[in-house]
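Below: the structure, in structure tokens.
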Amino acid sequence: MENIRNFSIIAHIDHGKSTLADRIIEICGGLEKREMKDQVLDSMDIERERGITIKAQTVRLTYKADDGEVYYLNLIDTPGHVDFTYEVSRSLAACEGSVLVVDASQGVEAQTLANVYQAFDCNHEIIIVLNKVDLPAAAVDSVKSQIEDVIGLDASEAIPISAKSGVGVRDVLQAIVEKLHAPVGDKSENLCALLVDSWYDQYLGVVILVRIFDGEITPGMKIKMMETGASYTIDNVGYFLPKKSITERLSAGEVGFITAGIKDISDCQVGDTITDEKNPCKVSLKGFKPSVPVVFCGIFPVDVSDFEKLKESFQRLHLNDSSFSFEMETSAALGFGFRCGFLGLLHLEIIQERLDREFNVDIITTAPSVIYRIYLTNGELVELHNPAEMPEIVKINKIEEPWIKATIIVPEKYIGSVLALCEDKRGEQIDIRFIKDRAVVQYNLPLNEIVFDFYDRLKSATKGYASFDYQPTEYRQGDLVKVSILVNGEPVDALSMIIHRAKSEKRGRALCLKLKDLIPKQLFRIAIQATIGGKVIARETVSAYRKDVLAKCYGGDVTRKRKLLEKQKEGKKRMRQFGDVEIPQKAFIEALKISDD
4 MENIRNFSII AHIDHGKSTL ADRIIEICGG LEKREMKDQV LDSMDIERER
54 GITIKAQTVR LTYKADDGEV YYLNLIDTPG HVDFTYEVSR SLAACEGSVL
104 VVDASQGVEA QTLANVYQAF DCNHEIIIVL NKVDLPAAAV DSVKSQIEDV
154 IGLDASEAIP ISAKSGVGVR DVLQAIVEKL HAPVGDKSEN LCALLVDSWY
204 DQYLGVVILV RIFDGEITPG MKIKMMETGA SYTIDNVGYF LPKKSITERL
254 SAGEVGFITA GIKDISDCQV GDTITDEKNP CKVSLKGFKP SVPVVFCGIF
304 PVDVSDFEKL KESFQRLHLN DSSFSFEMET SAALGFGFRC GFLGLLHLEI
354 IQERLDREFN VDIITTAPSV IYRIYLTNGE LVELHNPAEM PEIVKINKIE
404 EPWIKATIIV PEKYIGSVLA LCEDKRGEQI DIRFIKDRAV VQYNLPLNEI
454 VFDFYDRLKS ATKGYASFDY QPTEYRQGDL VKVSILVNGE PVDALSMIIH
504 RAKSEKRGRA LCLKLKDLIP KQLFRIAIQA TIGGKVIARE TVSAYRKDVL
554 AKCYGGDVTR KRKLLEKQKE GKKRMRQFGD VEIPQKAFIE ALKISDD
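Residue numbers 4 to 600, in the working numbering, belong to the letters of the sequence shown in order.
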């Protein structure tokens, strides 16, 4: 155990975590040269296409230090985006130290701060690494003083590297074995292991990633999950090197995987303690704080017969991503489906894409919303996840909405546009600090203003240089109304939304205009209306296809032509009375992207 080091690589998006992990794997000989590829630990196609890490990945490496001693390194590469902070917190709980990567040209950004604070909470020893020092824009001394001013860490021993070319990476490995302490545990104690992650394999059942704190785990051993009470016999244990490698045992201090032919997904809960069924450990590990979803939306199968397939897909996604939650719901317009919780809009997009790619399910998504607290006139408190279920206005005493504390780090020259955006989103300024040529801005903002287009507008207002992080803080009373969308007189649940009264008319008009372009023409005119209660606040009309009934009328009396037009008019009237309007899936998704502009 003295020669084991468990560590995570943490950083803001695009600061070079996965590239540094590639170089470490290369130097330690985890893969041969011909097997190496960029971002080798990003295993999902979607990660490679978007250039982001979504799932934390683990690998066990062997490193021969300068003094000739051999060390076993358990490396966990983590995501950088704010929507995947739960992945980061789980990874940090399985480690004793962190390598903090800071881009020498960009400096400290919002997620750098957020991830460092998570590492502090886990009492981690932190090694500071300055990446991309070979870039012309690199400002090593300036970034070191930023780290000291903003984070409060001593950056005098920060290691300058270029993860792309491999310069300085050996120094990082040497610092890991010298500065990080070995894990603490006892092989002779009863088994006590933390369930860090799990995923479904169609041949092996559920594969579980574990960190052993005490004891040993071997094939044939009967284990018990302490929270769910489920018991299984171990088939195989092993490591990722990064390829799967079966071994005889996993001992205290190590990170590896186990398979036990687990078919029931609900038996595996992230954060559970795994122990020996015959000789259980006395106290279970404290596990992880459950993640709190901040954005909700309804997901429904396009084809009703796909409901069970969608349910099974959600169960497998939840197994692999415990920050995603779901529960059943029904909609008058869309039938049976699920109300799903996410940590942000990117998280929602990724889940949508994974459903399509990995499970081949066609879905309809409703407008994202947050949890509102509604105080009824009878004194009852209702938590509202779905705007379509909002009680009648006469029964409501007051509505409260969630607020967040946002931290935005931005170059000084863009500060004006950032402040204007926050004010437009009903924000309240808490603090503004200047460190060298950058500003650290803190605002209180209503979460429902962030959900739609805040991140996109922030990036475009600052040419991509701003970084953004937030924490939920409190609930406050607001002047909120429900805007319903009626198509041909029928309400469309999926497009109803709760919004501040001051912005309701603007948003309603924008949505009607968008739908006018997205809903295909029918043989009759379609009215699209936005309403608050019984009051129409915006209306657009999709014009009808016009069939030329006079095409075969060559000359003749005008009364004949008039007769044909009257007949057509009657037919359209009757058709409109019974006509159903099909709203394409594209219309639902595009309608969600409207901005207040």
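Even for Gly, the Cβ is constructed at its ideal location relative to N, Cα and C.
* **D80 in three-state terms, based on DSSP** => When DSSP states are grouped into helix, strand and coil, D80 belongs to the strand group.
* Asked: Do E128 and L183 have their CB atoms nearer than 8 Å?
  -> Yes; because the gap between Cβ atoms is below 8 Å, this pair is in contact.
* What three-state label does DSSP hand I268 in the structure shown? -> DSSP places I268 in the helix class (H, G or I) of the three-state scheme.
* F581: buried (16+ other C-beta within 10 angstroms of its C-beta) or exposed? -> Caution applies to F581, whose pLDDT of 45 falls short of 50 and renders its modelled position unreliable; the model cannot decide the point.
* Asked: Straight-line CA distance for T368 to M4?
  -> So the alpha carbons of these two residues sit roughly 49 Å apart.
* Pick helix, strand or coil for E332, following the three-state DSSP scheme. => For E332, the secondary structure class from DSSP, reduced to helix, strand or coil, is strand.
* Does DSSP classify H503 as helix, strand or coil? -> The three-state reading of DSSP puts H503 in strand, counting E and B together.
* At what residues does the alpha helix (DSSP H) containing F362 begin and finish? -> Where F362 is concerned, the enclosing alpha helix (DSSP H) starts and stops at 348-362.
* Asked: Taking the alpha carbon of Q109 as the point to measure from, which residue in H321, A469, L422 has its own alpha carbon closest?
  -> Checked all of H321, A469, L422; the closest Cα to Q109 is A469.
* Looking only at its own chain, which residues have a Cβ that is under 7 Å from the Cβ of K398, when we skip the five neighbours before and after it? -> Same-chain partners within the cutoff: L379, T380.
* In chain order, each alpha helix (DSSP H) run of at least 4 residues that lies wholly inside the stretch 437-500 -> With a minimum length of 4 residues, the continuous alpha helix (DSSP H) runs that stay inside the stretch 437-500 are 450-464.
* What does a CB cutoff of less than 6 Å around L313 pick up in its chain, not counting 5 residues either side in sequence? -> Hits under 6 Å: P304, V364.
* Spatial distance of G100 from E29 (CA atoms) -> Those two C-alpha atoms are separated by around 21 Å.
* To do: Going by CA-CA distance only, name the one from L448, V561, L384 that's closest to K401.
  => Minimum Cα distance to K401 is reached at L384.
* Is the beta carbon of V73 less than 8 Å from the beta carbon of L244? -> Taking 8 Å as the Cβ cut-off, V73 and L244 do not qualify as a contacting pair.
* **Nearest to L514 (by Cα), restricted to the options K524, I488, I501** => Considering only K524, I488, I501, the residue with the shortest C-alpha distance to L514 is I488.
* Taking 8 Å as the CB-CB limit, is D124 close to chain C? -> This model lacks chain C altogether, as it is built from one protein chain only.
* Are I535 and S507 close, meaning C-beta to C-beta below 8 Å? -> Cβ atoms of I535 and S507: closer than 8 Å.
* **At least 3 beta-carbon pairs within less than 8 Å: the stretch 429-436 vs the stretch 462-477** => Verdict: no, contact absent.
* Asked: Assuming F260 and I211 make a contact with CB atoms under 8 Å, what is their CB distance in whole Å?
  -> The Cβ separation is near 6 Å, so the contact holds.
* May I ask you to list the residues that DSSP assigns as paired with K403? => Position check: residue 403 holds Glu in this sequence, whereas Lys was assumed. Looking at the DSSP output, E403 shares a beta bridge with R376, Q480.
* Asked: Who are the Cβ neighbours of G19 in its own chain at under 6 Å, not counting the five residues just before and after it?
  -> Cβ neighbours of G19 beyond the five flanking positions: V104, N134, A166.
* Check whether the stretch 7-23 touches the stretch 111-127, taking contact to mean three or more Cβ pairs, one atom from each stretch, closer than 8 Å. => Result yes; three or more Cβ-Cβ pairs closer than 8 Å.
* List the whole-angstrom C-beta distance separating D200 from V102, where the pair is believed to meet the contact cut-off of C-beta under 8 Å. => That pair is no contact at about 20 Å.
* Candidates V172, V539, V443, R360, of which the one nearest P494 by Cα -> Checking every option, the nearest Cα to that of P494 belongs to V539.
* Inside the stretch 163-246 only - alpha helix (DSSP H) runs reaching at least 4 residues -> Segments of the alpha helix (DSSP H) lying fully in the stretch 163-246: 172-182.
* Asked: Would you report the Cα separation of E569 and A497, rounded to the nearest angstrom?
  -> Cα to Cα, the separation comes out at about 37 Å.
* **Reduced DSSP category for L138 - H, G, I as helix; E, B as strand; rest coil** => If DSSP states are grouped into helix, strand and coil, L138 belongs with coil.
* **DSSP three-state assignment for V62, whether helix, strand or coil** => Correct three-state label for V62: strand.
* Asked: Would you report the Cα separation of S94 and L483, rounded to the nearest angstrom?
  -> The straight-line gap from Cα to Cα measures roughly 39 Å.
* Under 8 Å by Cβ, that's how I've got K564 and C556 pegged, so tell me the actual separation to the nearest angstrom. => About 6 Å separates the beta carbons of K564 and C556, which is inside the 8 Å limit, making them a contact pair.
* Asked: Would a C-beta distance cut-off of 8 Å place Y473 and A409 closer than the cut-off?
  -> With respect to A409, Y473 sits close: the two C-beta atoms are nearer than 8 Å.
* **Where the alpha helix (DSSP H) containing F327 begins and where it ends** => Taken as a continuous stretch (DSSP letters only), F327 belongs to no alpha helix (DSSP H), as it is neither H nor E.
* Should A96 be labelled buried (16 or more other beta-carbon atoms within 10 Å of its own) or exposed? -> With 16 or more other Cβ atoms within 10 Å, it is buried.
* Reference V486, options V307, I237, R510, I79, closest by Cα -> Nearest option by C-alpha distance: R510.
* Going along the chain, which residues of its own chain have a beta-carbon closer than 8 Å to the beta-carbon of S372, five neighbours each way excluded? -> Excluding residues within five positions, the ones whose Cβ falls inside 8 Å are V298, F299, C300, H388, N389, P390, N451, V454, M500, I501.
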